[in-house]
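Colleague:
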Amino acid sequence: MADTLTMVSPSEAELQEAFWEQVDSFPDGYRIKKCLQCGTCTGTCPVSDFMDLTPRQTVAMFRAGRIEEILRSRSIWVCASCYSCTVRCPQNIRVTDTMYALKRIAMQRRIYPRNFPVHRLSSTFLDNIYKYGRNYELGLGVKYFMRSGFTKLFKNAGYGLKLMRRERMGLLPQRIKRVRQVQAIIKKANEFGEH
Amino acid sequence: MTDYAYYPGCSLEHTGSPYDISVRAVFKQLGLGLTEIEDWNCCGATMYMSAKKIVGYAISARNLALAQDMGMDICAPCSSCYTILKKTNRHIAWDPQEREKINAALSAAELRYDHMVTVRHPLDIIVNDFGLEALKEAVTNPLTGIKVAPYYGCQIVRPHGYFDDVDEPVTMDQLFEALGAEVVHYPPKVRCCGGMLMTTDEEIGLRLCNGLLQAAADNDAEMIATACPLCQINLEGYQDKINARYGQKFNIPILYFTHLVGLALGLKEKELGMDRLLIPVRSAKLRGEVANV
Numbered sequence: 000m001a002d003t004l005t006m007v008s009p010s011e012a013e014l015q016e017a018f019w020e021q022v023d024s025f026p027d028g029y030r031i032k033k034c035l036q037c038g039t040c041t042g043t044c045p046v047s048d049f050m051d052l053t054p055r056q057t058v059a060m061f062r063a064g065r066i067e068e069i070l071r072s073r074s075i076w077v078c079a080s081c082y083s084c085t086v087r088c089p090q091n092i093r094v095t096d097t098m099y100a101l102k103r104i105a106m107q108r109r110i111y112p113r114n115f116p117v118h119r120l121s122s123t124f125l126d127n128i129y130k131y132g133r134n135y136e137l138g139l140g141v142k143y144f145m146r147s148g149f150t151k152l153f154k155n156a157g158y159g160l161k162l163m164r165r166e167r168m169g170l171l172p173q174r175i176k177r178v179r180q181v182q183a184i185i186k187k188a189n190e191f192g193e194h
Numbered sequence: 000m001t002d003y004a005y006y007p008g009c010s011l012e013h014t015g016s017p018y019d020i021s022v023r024a025v026f027k028q029l030g031l032g033l034t035e036i037e038d039w040n041c042c043g044a045t046m047y048m049s050a051k052k053i054v055g056y057a058i059s060a061r062n063l064a065l066a067q068d069m070g071m072d073i074c075a076p077c078s079s080c081y082t083i084l085k086k087t088n089r090h091i092a093w094d095p096q097e098r099e100k101i102n103a104a105l106s107a108a109e110l111r112y113d114h115m116v117t118v119r120h121p122l123d124i125i126v127n128d129f130g131l132e133a134l135k136e137a138v139t140n141p142l143t144g145i146k147v148a149p150y151y152g153c154q155i156v157r158p159h160g161y162f163d164d165v166d167e168p169v170t171m172d173q174l175f176e177a178l179g180a181e182v183v184h185y186p187p188k189v190r191c192c193g194g195m196l197m198t199t200d201e202e203i204g205l206r207l208c209n210g211l212l213q214a215a216a217d218n219d220a221e222m223i224a225t226a227c228p229l230c231q232i233n234l235e236g237y238q239d240k241i242n243a244r245y246g247q248k249f250n251i252p253i254l255y256f257t258h259l260v261g262l263a264l265g266l267k268e269k270e271l272g273m274d275r276l277l278i279p280v281r282s283a284k285l286r287g288e289v290a291n292v
């Protein structure tokens with residue numbers, strides 16, 4: 000008789016495999032197996048009430064073999080990476096690092112929640128680093144808002160101007176001298192698998 | 000005196016420039032040397048963690064490799080850079096294979112990172128290297144009567160709490176007390192400001208920051224002092240939006256902790272980049288207009 004837990008679709012099986020590879024790629028990642036479902040992570044999370052799946056539920060969903068549902072939820076992109084869950088987990092599970100692992104799986108396979116283009120901020124940021132070696136805040140904001148909702152650009156213009164008047168917003172990107180070094184490092188590191 | 004390899008990070012070049020100016024001024028005043036790492040690059044922030052962490056660690060390690068040749072500890076004021084650089088060290092120490100991959104990537108730029116460079120936060124350096132007793136002696140303008148809420152944010156104490164407790168940090172409290180200020184009870188001292196959520200999902204960011212400002216007001220703080228450029232800009236730059244959204248009347252100055260150190264050492268607002276703050280401090284004492292009250 001087949002074990003119902005192992006009856007997953009081929010795409011889900013591939014996602015699970017990718018997930019296990021990811022949690023093996025950082026210190027103590029494997030400890031997710033020790034989850035007690037106590038809910039301390041959700042209780043301590045400052046944004047769990049904005050999530051469609053709470054951190055505790057995310058772990059439960061993973062165990063139920065429903066990774067694609069996790070990736071379609073907003074939760075992993077709502078996580079602000081504050082590490083509260085990580086320091087309070089009684090089982091020392093690296094919850095925040097696990098959220099990052101799920102984000103990587105999502106970005107590599109382009110599986111995202113609807114109408115919540117947070118991942119575009121990451122990709123816009125990465126473009127900046129490749130081009131200039133440093134983040135270009137004005138360009139990041141403008142490009143992200145253009146890609147995620149044009150009206151936001153106008154809503155945030157006042158904020159940008161306020162900072163410009165105090166010399167706190169650079170108009171032009173500054174490229175570092177040896178940006179080619181950074182580009183060579185990125186190219187080479189990209190050859191090393193999916194982690 | 001001790002010298003440090005300075006890693007300002009991208010935020011400190013622009014939105015966080017009042018932090019950069021004040022860190023440099025305070026270190027100079029205390030006789031602590033800062034030599035900027037030449038041609039440093041972005042640490043990768045949280046963004047590379049979401050895409051491909053080996054790439055993030057590799058570009059982060061370029062900065063560590065550059066600092067390694069300077070033979071000093073790194074001073075990284077941005078909490079996010081601080082955590083990322085520390086995480087990079089931890090990752091490299093954790094797995095020799097990962098270290099080799101990172102070095103293989105660095106070799107594309109003719110660099111190699113072998114000797115662990117210690118990454119420090121200026122709060123840690125001022126309190127633990129320079130020391131509170133020495134600092135008390137250096138204070139010329141004690142901040143008597145100034146009520147300040149110490150806001151640590153997330154990334155200088157979590158995930159590993161390298162120099163303070165992850166839940167109940169006290170370094171900043173002790174620092175401000177040494178400067179003569181009154182540290183108010185501030186329960187959300189390590190509560191998240193929302194970070195990049197202010198850009199990606201403003202509603203969440205506004206609510207979190209509203210709570211942080213409310214707690215400061217409830218405890219009669221006349222200002223909040225931070226140690227992170229993202230916390231600072233979220234609380235300061237969005238305060239008018241928070242007022243509009245939640246019907247508040249906040250007008251709370253959001254300073255960097257280095258501003259208070261600098262003022263107590265007798266430096267002027269402009270020398271500390273405080274003229275760039277969006278919400279000016281009102282206290283005449285803090286503005287250096289009243290001497291030795």
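Taken in order, these protein sequences are the chains called A and B.
Just so you know, the first sequence maps onto residues 0 to 194 in numbering that gives the first Met the number 0.
Just so you know, the second sequence maps onto residues 0 to 292 in numbering that gives the first Met the number 0.
We put the beta carbon where it would ideally sit given N, CA and C, even for glycine.
1. Helix or strand or just coil, what does DSSP make of A/Val178?
2. Between A/Lys202 and chain B, is any beta-carbon pair separated by less than 7 angstroms?
3. Along chain A, which residues have their Cβ under 8 angstroms away from the Cβ of B/Ser49?
4. Tell me which same chain residues have a C-beta within less than 7 angstroms of the C-beta of A/Thr57, skipping the five on either side of it?
5. Shortest alpha-carbon distance to A/Phe191 belongs to which of B/Glu136, B/Cys42, B/Gly55?
6. Under 6 angstroms: does the beta carbon of A/Phe25 sit that close to some heavy atom of the ligand HEM?
7. Exposed or buried, B/Gly204, counting other C-beta atoms within 10 Å across all chains shown (16 or more means buried)?
8. Sorted by chain position, which residues of the same chain lie with C-beta nearer than 7 angstroms to A/Gly138's C-beta, five sequence neighbours on each side aside?
9. To which residues does DSSP link B/Met222 through a beta bridge?
10. Could you give the distance in angstroms between the alpha-carbon of B/Glu136 and the alpha-carbon of B/Gly144?
11. Please compile the residues from chain A whose C-beta is within a distance smaller than 7 angstroms of the C-beta of B/His13.
12. On the DSSP bridge assignment, give the partners of B/Ala4 in chain order.
13. If the cut is a Cβ gap below 7 angstroms, which residues of chain A does B/Asn40 touch?
14. Comparing the C-beta of A/Val141 with each C-beta of chain B, is any distance below 7 angstroms?
15. Which of helix, strand or coil does DSSP assign to B/Asn291?
16. Report the neighbours of B/Met46 on chain A: residues whose CB is nearer than 7 angstroms to its CB, in chain order.
17. Can you tell me whether B/Asp68 is buried or exposed? The criterion is at least 16 other CB atoms within 10 Å of its CB, across all chains shown.
18. State yes or no: is the beta carbon of A/Phe18 nearer than 7 angstroms to at least one beta carbon in chain D?
19. By the 7 angstroms beta-carbon criterion, what residues does the segment 187-199 of chain B contribute toward chain A?
20. Confirm, please, whether the CB-CB distance from B/Leu229 to B/Gly194 is below 7 angstroms.
21. Could you round the C-beta distance between B/Cys74 and B/Leu33 to whole angstroms and report it? I think they count as a contact, below 8 angstroms.
22. Taking 7 angstroms as the CB-CB limit, is A/Thr85 close to chain B?
23. What does a CB cutoff of less than 6 angstroms around A/Thr41 pick up in its chain, not counting 5 residues either side in sequence?
Modeller: On the basis of the supplied data:
1. DSSP places A/Val178 within a helical segment (H, G or I) once states are collapsed to three.
2. Since the displayed chain A opens at 0 and closes at 194, residue 202 of chain A lies outside it and no answer follows.
3. Result: Tyr99, Lys102, Arg103, Met106, His118, Ser121.
4. The residues are Ile69, Ser74.
5. Measuring from the Cα of A/Phe191, the nearest candidate turns out to be B/Gly55.
6. This structure lacks the ligand HEM; in fact it carries no ligand of any kind.
7. Of the residues assessed, B/Gly204 falls on the buried side of the cut-off, its CB having 16 or more other CB atoms within 10 angstroms.
8. Excluding residues within five positions, the ones whose Cβ falls inside 7 angstroms are Asn127, Pro172.
9. Among the bridge pairs identified by DSSP, B/Met222 is matched with B/Val147.
10. Taken atom to atom, the span from the alpha-carbon of B/Glu136 to that of B/Gly144 is near 19 angstroms.
11. In chain order: Glu136, Arg167, Met168, Gly169.
12. DSSP output for B/Ala4 lists B/Thr34, B/Ile73 as bridge partner(s).
13. Going along chain A in sequence order, the residues near B/Asn40 (Cβ under 7 angstroms) are Gly132, Arg133, Ile175, Val181.
14. False, the Cβ-Cβ gap to chain B never drops below 7 angstroms.
15. Legend: pLDDT at B/Asn291 = 44, less than 50; position of this residue unreliable, value from coordinates given subsequently. Of the three classes helix, strand and coil, the one that applies to B/Asn291 here is coil, per DSSP.
16. Going along chain A in sequence order, the residues near B/Met46 (Cβ under 7 angstroms) are Ser121, Phe124, Leu125.
17. Residue environment: B/Asp68 is assigned as exposed (fewer than 16 neighbouring CB atoms within 10 Å of its CB, all protein chains considered).
18. Looking at the structure shown, chain D is missing, and the protein chains on hand are A and B.
19. If you check each beta-carbon in the segment 187-199 of chain B against every beta-carbon of chain A, the ones closer than 7 angstroms belong to Arg190, Cys191, Gly193, Gly194, Met195, Leu196, Thr198, Thr199.
20. At the C-beta level, B/Gly194 and B/Leu229 come within 7 angstroms of one another.
21. Rounded to whole angstroms, the Cβ separation of B/Cys74 and B/Leu33 is 6 angstroms, and the two are in contact under 8 angstroms.
22. Yes, A/Thr85 counts as interfacial toward chain B.
23. By the criterion of a C-beta distance shorter than 6 angstroms, A/Thr41 is surrounded in its chain by Ser47, Thr53, Pro54, Arg55, once the five residues flanking it on both sides are discounted.
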